[in-house]
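One structure is given here, and the rest of the page talks about it.
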Amino acid sequence: DVKVTQSSRYLVKRTGEKVFLECVQDMDHENMFWYRQDPGLGLRLIYFSYDVKMKEKGDIPEGYSVSREKKERFSLILESASTNQTSMYLCASSFAYRGGEQYFGPGTRLTVT
Amino acid sequence: GNSVTQMEGPVTLSEEAFLTINCTYTATGYPSLFWYVQYPGEGLQLLPKATKADDKGSNKGFEATYRKETTSFHLEKGSVQVSDSAVYFCALSERGAQKLVFGQGTRLTINP
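Protein sequence lines, in the order shown, are assigned to chains H and F. Per the working numbering: the first sequence ends with 113, consecutive numbering throughout. Per the working numbering: the second sequence ends with 1112, consecutive numbering throughout.
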């Protein structure tokens, strides 16, 4: 079975802190994705990576950056956390030739106080 | 641009009832369509997919049918269980594209 893991299920941070969310997949997938999920807004793509060190902005990249130094690991960085970044963050991965078949991690619920 | 519209929720059914969740889409070309399910407190899991017009997919007791002429992709299950209570998302990707466009989700509650 494909496994996508995220470093934390729950995280509480203060405004202005630098926050790292880590995601690891074990299926040698080329693609990795970061989404945020908010009530009434559904899933929104933050960033997408199609290869090591390659990234592409999604629909809502403002306030976020990403890093992909190894194929299996994709990090989401909040340079200076703000209260409007309180959300559920979901990581996903897929093969390049099956972009729509994404496998999701369990999510990290981030609260910024 | 591409978009996906799901039936309004929440949907409440009794155990063993028949389930249909409707999804329509707008896209150029011939997209691939997917259903995902999200159980409480978890990430999304892939359910049936369909990669061409009039395709049917099945997975975990669910069946999905892609109708190109009505640009629809409906999810069905013959007899639901309490454990099927979750949020269901319809999604599409354009052929060759890497990204998904998700619907807003339909919350389903099954009562015993």
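Backbone N, C-alpha and C define an ideal beta-carbon position, used for all residues, glycine too.
Does the beta-carbon distance from residue i to residue j come in below 8 angstroms?
| i | j | result |
| --- | --- | --- |
| S94 (chain H) | R36 (chain H) | no |
| V4 (chain H) | K13 (chain H) | no |
| L90 (chain H) | G105 (chain H) | yes |
| D1084 (chain F) | L1046 (chain F) | no |
| S65 (chain H) | E79 (chain H) | yes |
| T1028 (chain F) | E1076 (chain F) | no |
Among the options, which one has its Cα closest to the Cα of residue i?
| i | options | result |
| --- | --- | --- |
| S1003 (chain F) | F:P1112, F:I1110, F:S1014 and F:F1089 | F:F1089 |
| L21 (chain H) | H:D28, H:F33 and H:H29 | H:F33 |
| L1044 (chain F) | H:T113, H:T108 and H:V112 | H:T108 |
| S1081 (chain F) | F:T1005, F:T1012 and F:Q1006 | Reading off the sequence shown, one finds Gln at residue 1081 (chain F), where the question assumed Ser. Here the closest residue by C-alpha is F:T1012. |
| T83 (chain H) | H:E17, H:G40, H:T113 and H:Y10 | H:T113 |
| T1071 (chain F) | F:M1007, F:G1009, F:T1020 and F:T1024 | F:T1024 |
| G1105 (chain F) | F:S1032, F:K1060 and F:V1037 | F:V1037 |
| V24 (chain H) | H:G16, H:Y10 and H:Q6 | H:Q6 |
| T1005 (chain F) | F:N1022, F:A1097 and F:E1015 | F:N1022 |
| E1015 (chain F) | F:R1067, F:G1096 and F:G1078 | F:G1078 |
| P39 (chain H) | F:E1069, F:L1075, F:T1028 and F:V1087 | F:V1087 |
| L76 (chain H) | H:L41, H:T15 and H:L110 | H:L110 |
| A92 (chain H) | H:E62, H:F48 and H:G63 | H:F48 |
| T1026 (chain F) | F:P1040, F:K1060, F:R1067 and F:A1017 | F:R1067 |
| V52 (chain H) | H:E62, H:R73, H:R9 and H:G63 | H:R73 |
| M1007 (chain F) | F:E1063, F:H1074 and F:G1041 | F:H1074 |
| A81 (chain H) | H:M54, H:G63, H:K70 and H:E69 | H:G63 |
Helix, strand or coil: how does DSSP classify residue i here?
| i | result |
| --- | --- |
| Y97 (chain H) | helix |
| S1083 (chain F) | helix |
| T1109 (chain F) | strand |
| K1099 (chain F) | coil |
| K1068 (chain F) | helix |
| T83 (chain H) | helix |
| K53 (chain H) | coil |
| K18 (chain H) | coil |
| H1074 (chain F) | strand |
| Q1038 (chain F) | strand |
| R113 (chain H) | According to the sequence displayed, residue 113 (chain H) carries Thr and not Arg. Three-state DSSP puts T113 (chain H) in coil, outside helix and strand. |
| D28 (chain H) | coil |
Going by beta carbon distance, what residues of the same chain come within less than 8 angstroms of residue i, once the five residues before and after it are set aside?
| i | result |
| --- | --- |
| Y50 (chain H) | E30, N31, E56 and A96 |
| S1093 (chain F) | P1031, S1032, F1034, K1099, L1100 and V1101 |
| D59 (chain H) | R44, L45 and I46 |
| P1010 (chain F) | T1106, R1107, L1108 and T1109 |
| A1091 (chain F) | V1004, L1033, F1034, W1035, Y1036, L1100, V1101, F1102 and G1103 |
| K1060 (chain F) | L1047 |
- Query: Using a beta-carbon distance cut-off of less than 7 angstroms, what residues from the region 1020-1040 of chain F approach chain H?
  - Reply: S1032 and F1034
- Item | Near-chain F residues of the region 72-95 of chain H - C-beta to any C-beta below 7 angstroms | L90
- Near-chain F residues of the region 36-62 of chain H (beta-carbon distance less than 9 angstroms), N- to C-terminal order: Q37, G40, L41, G42, L43, R44, L45, F48, Y50, E56 and G58
- Message: So if I threshold CB-CB distances at 7 angstroms, which residues from the region 2-35 of chain H count as touching chain F?
- Response: N31
- Name the residues in the region 1060-1090 of chain F whose C-beta lies less than 8 angstroms from a C-beta of chain H; which are they? F1089
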